[in-house]
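Heads up: the protein sequence lines correspond to chains A and B, in order. Read in order, the letters of the first sequence are residues 1 to 288 in the numbering used here. Read in order, the letters of the second sequence are residues 289 to 713 in the numbering used here. Here a beta-carbon is modelled for each residue, glycine too, at the ideal position from N, C-alpha and C. The model shown is predicted, which means the values in this text are computed figures rather than measured ones. Heads up, the thing below is written out as structure tokens.
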Amino acid sequence: MAAHAKRVRPGGLAAAGPAEKALRYALLLLVLALTVSPFLWQLSTSLKSLTEDVYSRTPTFLPEHPTLDNYAQVADAIPVWSYAANSLVVAAIVITGNVIGATMAGYALARLRFRGAKLLLGLFLATLVLPGEVTIVSQYVTVRSLGLADTLLGVALPGAIAMLNVLLMRTAFAAIPQEMDEAAVIDGATAWQRLRHIGLPNVRGMLSVITIFTFIGAWDDFLWPLIVLTDPDHYTLTVGLQYLNGTFTSNPRLIAAGTMISFVPIVVVFAALQRYFFRGVEEGAIKG
Amino acid sequence: MRRYWSGLGLAAVLAAAGCGLGDTGQPAAAPGATATGEVKGKVSLQTWALKPKFTDYMQKVIDSFEKKYPGVEVEWLDQPGEGYSDKVLSQAAGGSLPDVTNLPPEFALPLVKQGLLLDVAQADPAVKDEYVPGGLSAYTYPGVQGVYGYPWYLNTDVNYWNSELMAENGLDAKKPPASFDELVAQARTLKEKSGGKVYLMSRKPELGDFVQAGVKLMSDDGKSFTFNTPEAAALLDKYRDAFKDGLLPRDVLTDTYAGNAKLFNEGTVAWTTGGGNYITSLAVDNPSLAPKVVPSPAFGTPPLYVQGLSVSAKSKNTPAALALARWVTNAENQAAFAHLVAIFPSTKASADDPFFSKSDGTNAGDAKVMAFAALAKAKMLEPVALTEAMKKIVKQQFALAISGEVTSKEALDKAVAKCDELLQN
Chain A
1 MAAHAKRVRP GGLAAAGPAE KALRYALLLL VLALTVSPFL WQLSTSLKSL TEDVYSRTPT
61 FLPEHPTLDN YAQVADAIPV WSYAANSLVV AAIVITGNVI GATMAGYALA RLRFRGAKLL
121 LGLFLATLVL PGEVTIVSQY VTVRSLGLAD TLLGVALPGA IAMLNVLLMR TAFAAIPQEM
181 DEAAVIDGAT AWQRLRHIGL PNVRGMLSVI TIFTFIGAWD DFLWPLIVLT DPDHYTLTVG
241 LQYLNGTFTS NPRLIAAGTM ISFVPIVVVF AALQRYFFRG VEEGAIKG
Chain B
289 MRRYWSGLGL AAVLAAAGCG LGDTGQPAAA PGATATGEVK GKVSLQTWAL KPKFTDYMQK
349 VIDSFEKKYP GVEVEWLDQP GEGYSDKVLS QAAGGSLPDV TNLPPEFALP LVKQGLLLDV
409 AQADPAVKDE YVPGGLSAYT YPGVQGVYGY PWYLNTDVNY WNSELMAENG LDAKKPPASF
469 DELVAQARTL KEKSGGKVYL MSRKPELGDF VQAGVKLMSD DGKSFTFNTP EAAALLDKYR
529 DAFKDGLLPR DVLTDTYAGN AKLFNEGTVA WTTGGGNYIT SLAVDNPSLA PKVVPSPAFG
589 TPPLYVQGLS VSAKSKNTPA ALALARWVTN AENQAAFAHL VAIFPSTKAS ADDPFFSKSD
649 GTNAGDAKVM AFAALAKAKM LEPVALTEAM KKIVKQQFAL AISGEVTSKE ALDKAVAKCD
709 ELLQN
């Protein structure tokens with residue numbers, strides 16, 4: 001982004017007339033309002049006190065009597081911290097698996113020549129066609145027979161290397177000019193050395209994209225952990241938060257507060273990685 | 289779509305698991321061979337979304353059970369509300385169904401078909417005398433012999449009216465409509481007085497409404513649907529006319545429609561139906577609206593909602609499982625539960641309890657008494673064989689008929705044909 005903004009290109013944002021500019025901003029603001037308002041509504045609901053109406057004809061975004069009670073009540077009703085810790089364990093395993101596994105598999109598919117490479121790639125692609133829900137029971141039976149039912153490892157394992165991430169890494173590695181690899185081969189570099197010194201420095205952006213998406217995916221997953229886990233002590237946060245929405249009792253303020261709590265870590269991870277993230281999205285700019 | 293796929297996948301694997309069972313020589317409707325015996329050892333109980341609000345109550349029930357039968361140990365699991373059907377199906381497929389499981393009748397049906405649940409009427413013949421017939425019939429399925437769950441708590445619907453909205457627009461919530469035709473007439477008044485800003489009706493007809501109109505939904509053998517009758521078409525026609533006259537919100541026909549309870553909470557709609565505890569939960573959501581709500585009895589035959597406890601046919605400790613299911617659903621424990629929340633016991637012995645027939649004078653108390661009175665004639669309106677996929681087809685065809693794109697007769701014929709097709713599979 002930064003590189004583009006410095007050069008004023010004809011037809012770019014700077015070339016627009018004031019009217020067109022205003023229109024663009026109006027449209028941008030409209031889309032912003034559409035995407036952000038449900039979130040803001042949740043936030044304001046989580047801050048509303050028990051005497052205020054939650055539902056109204058025109059949604060109200062400013063609580064009349066703002067209170068943090070709902071957050072305290074969530075912490076009272078369910079063990080938020082231990083659920084969050086469980087979620088973190090799952091996310092850590094899944095991220096580690098994806099970052100290491102997808103990197104190595106992606107590099108092998110993009111840069112190494114071996115028998116059946118094309119077939120392997122085809123098989124990877126084929127598994128993407130099946131929706132995860134179709135295989136969920138066979139997955140459960142497998143995890144059960146491995147003795148991993150009701151464990152966090154059982155929750156994390158099936159997602160530990162996502163095929164889509166392997167493909168993304170393969171694309172990222174394939175974008176590095178072949179000549180750089182060839183030069184390294186002539187210098188006598190092994191495959192591991194080429195991966196470390198030529199491959200990895202050029203795919204940091206993609207790795208951060210994978211980290212963020214994997215984190216969000218693992219953190220938000222509901223159905224799979226619900227099926228694998230039985231003991232409430234092992235629940236992840238998304239499953240545990242469902243206790244706020246019980247039979248006969250569902251206080252929308254508590255549910256909103258729980259949602260906000262589970263949202264915070266995603267913001268933290270994104271904030272920490274966003275520098276690389278945007279580089280990753282527009283990857284292809286090879287330095288060197 | 290995601291849910292649809294997962295349901296399909298689970299059903300397929302469950303069918304496979306069922307076949308496996310069949311091979312080992314276990315008959316489809318498993319008898320309670322080991323029903324008698326000493327009550328001791330470990331037994332697991334699974335409930336649906338009762339924690340944390342009812343943790344104390346359940347723990348008390350379990351503790352008293354363990355006290356009554358020394359040597360028995362109950363392992364209690366409470367599953368979150370969302371995704372419960374998927375959870376139960378995967379437990380069944382993985383062979384880890386708890387000994388006693390809280391299953392509403394429609395969740396129990398696929399398990400009954402695979403012979404995974406115990407016929408409690410055979411194992412414990414006294415159930416027929418102790419529980420209300422409506423509760424028992426909910427766990428009796430066409431084409432299968434036996435009763436597959438102890439009825440637990442019951443509920444039904446009551447009409448709720450927003451007295452403020454009605455008074456502003458020339459209606460009296462004290463004299464609410466008592467039939468569908470009166471409802472349409474009052475909806476017209478409300479629409480005219482409010483200039484179309486407020487609605488009375490905000491619900492598409494469902495199959496349950498056909499039952500009110502005297503339509504039989506399914507054949508007696510449970511093998512085909514029969515709701516494509518002239519009476520049903522006439523009811524759809526009435527809805528179509530009401531929709532054309534703007535008596536219902538325009539988006540009521542779409543899938544994004546928020547639902548009449550939500551519109552009622554927002555104050556856009558002056559009528560909704562809900563269980564006996566609706567006002568109590570509304571007081572949490574919208575405290576300023578709750579006091580303005582006036583309840584009245586449901587139109588025609590009130591719907592019956594049943595929860596029950598089923599016993600796994602593969603339980604390793606059937607005597608304890610049966611004793612536990614019976615203990616949790618006994619009159620005393622159900623009455624204690626009903627004092628905590630507006631639900632109603634399924635035991636005959638509870639019918640004379642004055643707690644249910646006397647209002648405390650609040651509108652929530654009135655609603656509870658009305659719901660309790662309605663239970664005597666309440667029935668399960670929709671057959672349990674009606675799956676989500678069938679409901680979707682029915683919904684789509686009704687929407688087409690009400691919007692006037694096809695005639696009511698065509699829509700009904702098509703819905704029946706498609707549902708029959710799904711039923712055969």
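(message) Short of 7 Å Cβ to Cβ, which residues in the segment 330-354 of chain B face chain A?
(response) The segment 330-354 of chain B vs chain A, Cβ under 7 Å: 336, 337, 338, 339, 340, 341.
(message) Let's test the definition: count the other Cβ atoms within 10 Å of the Cβ of residue 313(B) and tell me whether it reaches 16, buried, or not, exposed.
(response) Low confidence applies to residue 313(B): its pLDDT is 34, below 50, so where it sits in the model is not reliable, and the reading given next is rough at best. Exposed, by the Cβ-count rule.
(request) Pull up the distance between the alpha-carbon of residue 622(B) and that of residue 595(B), whole angstroms please. (result) Distance between the alpha carbons of residue 622(B) and residue 595(B): 12 Å.
(request) Can you tell me which of the three DSSP states residue 173(A) falls into? (result) DSSP places residue 173(A) in helix when its eight states are reduced to three.
(request) Would you mind sorting residue 664(B) into buried or exposed? The rule is 16 or more other CB atoms within 10 Å of its CB. (result) Exposed is the call here.
(message) If we define contact as Cβ-Cβ less than 8 Å, is residue 548(B) a contact residue for chain A?
(response) Taking CB atoms only, residue 548(B) has no neighbour in chain A less than 8 Å away.
(request) Leaving aside the five residues before and after residue 110(A) along the sequence, list all residues of the same chain whose C-beta is less than 6 Å from its C-beta, in chain order. (result) In its chain, beyond the 5 residues on either side, 170, 173, 174 have a beta carbon closer than 6 Å to the beta carbon of residue 110(A).
(request) With DSSP as the reference, please indicate the residues paired to residue 598(B) in a beta bridge. (result) BP columns for residue 598(B) point to 389(B).
(message) I'd like to know whether the C-beta atoms of residue 445(B) and residue 562(B) end up nearer to each other than 8 Å.
(response) Residue 562(B) is positioned such that its CB atom lies closer than 8 Å to that of residue 445(B).
(message) With distance defined between alpha-carbon atoms, name the residue in 49(A), 265(A), 48(A) nearest to residue 237(A).
(response) The shortest C-alpha separation from residue 237(A) is found at 265(A).
(message) I want to see whether chain A comes within less than 8 Å of residue 708(B), judged by CB atoms only; does it?
(response) The C-beta of residue 708(B) comes no closer than 8 Å to any C-beta of chain A.
(message) Please identify, using Cβ separations under 7 Å, the residues of the segment 262-274 of chain A that lie next to chain B, in order along the chain.
(response) For the segment 262-274 of chain A, the beta-carbon criterion of a distance under 7 Å to any beta-carbon of chain B is satisfied by none of its residues.
(request) Determine whether the Cβ of residue 713(B) lies closer than 8 Å to any Cβ atom of chain A. (result) The beta carbon of residue 713(B) sits no closer than 8 Å to any beta carbon of chain A.
(request) Under 7 Å between beta-carbons, which chain A residues line up against residue 382(B)? List them in chain order, please. (result) Here the neighbours are 140, 141, 144.
(message) Among 643(B), 700(B), 366(B), 554(B), whose alpha-carbon lies nearest the alpha-carbon of residue 518(B)?
(response) Nearest neighbour of residue 518(B) by Cα position, chosen from 643(B), 700(B), 366(B), 554(B), turns out to be 700(B).
(request) Just tell me which of 568(B), 395(B), 709(B), 578(B) has its CA closest to the CA of residue 681(B). (result) Closest by C-alpha distance to residue 681(B), out of 568(B), 395(B), 709(B), 578(B), is 709(B).
(message) Residues of the segment 441-472 of chain B in Cβ contact with chain A at a cutoff of 8 Å, in chain order, please.
(response) Listed by position along the chain: nothing, the set is empty.
(request) List the endpoints of the continuous beta strand (DSSP E) containing residue 562(B). (result) According to the DSSP assignment, residue 562(B) belongs to the beta strand (DSSP E) that extends over 559-562.
(request) Taking a Cβ distance cut-off of 9 Å, strictly less, list which residues of the segment 571-599 of chain B are near chain A, in chain order. (result) Within the segment 571-599 of chain B, the qualifying residues are 572, 573, 574, 575, 576, 577, 595.
(request) Have a look at the DSSP bridge pairing and note the partners of residue 182(A). (result) Partner(s): none; residue 182(A) has no beta bridge.
(message) Just to confirm my understanding: we take residue 63(A), look at its own chain, exclude 5 residues before and 5 after, and list those with CB closer than 6 Å. What are they?
(response) 44, 47, 48, listed in sequence order.
(request) Out of 490(B), 549(B), 564(B), point me to the one whose CA is closest to residue 530(B)'s CA. (result) That would be 490(B), whose Cα lies nearest to the Cα of residue 530(B).
(request) Would you identify the three-state DSSP class for residue 518(B), choosing helix, strand or coil? (result) Residue 518(B): helix per DSSP, three-state reduction.
(message) Under 8 Å, with one C-beta from each stretch per pair, do the segment 69-87 of chain A and the segment 241-258 of chain A reach the 3-pair mark?
(response) Touching, yes, given that three or more Cβ pairs across the two stretches are closer than 8 Å.
(request) Identify, in the order they occur along the chain, each residue of the same chain with its Cβ nearer than 7 Å to the Cβ of residue 633(B), setting aside the five sequence neighbours on each side. (result) Contacts found: 441, 619, 622, 623, 626.
(request) Look at residue 614(B) and residue 438(B) and say whether their C-beta atoms are less than 8 Å apart. (result) For the pair residue 614(B) and residue 438(B), the CB atoms are nearer than the 8 Å cut-off.
(message) Quick check on the burial criterion: 16 or more other C-beta atoms within 10 angstroms. Buried or exposed for residue 746(B)?
(response) Past the boundaries of the shown model lies residue 746(B); chain B is included only from 289 to 713, so the question cannot be answered.
(request) Could you list the residues in the segment 474-494 of chain B with a C-beta less than 9 Å from some C-beta on chain A, going in chain order? (result) Going along the segment 474-494 of chain B in chain order, one finds no residue with a Cβ nearer than 9 Å to chain A.
(message) Output needed for residue 639(B): all residues of its chain with C-beta closer than 7 Å, excluding positions within five of it in sequence on either side, in chain order.
(response) Hits under 7 Å: none found.
(request) Measure the Cβ-Cβ separation of residue 471(B) and residue 690(B) and say whether it is below 8 Å. (result) Cβ atoms of residue 471(B) and residue 690(B): not closer than 8 Å.
(message) Rounded to whole angstroms, what is the Cα-Cα separation between residue 707(B) and residue 516(B)?
(response) Approximately 12 Å between the Cα atoms of the pair.
(message) Quick check on residue 220(A) - is its C-beta less than 8 Å from some C-beta in chain B?
(response) So, not an interface residue.
(message) So that I know if they touch, is there some Cβ in chain B lying closer than 8 Å to that of residue 56(A)?
(response) Yes, residue 56(A) lies at the interface with chain B (some Cβ there is under 8 Å from its Cβ).
(request) Give the secondary structure of residue 566(B) by DSSP, where H, G and I count as helix, E and B as strand, and everything else as coil. (result) Helix.
(request) For the alpha helix (DSSP H) containing residue 603(B), list its first residue and its last residue. (result) Run containing residue 603(B): none; DSSP gives neither H nor E here.
(message) Between the alpha carbons of residue 485(B) and residue 206(A), how many angstroms are there, rounded?
(response) CA-CA distance, residue 485(B) to residue 206(A), rounds to 52 Å.
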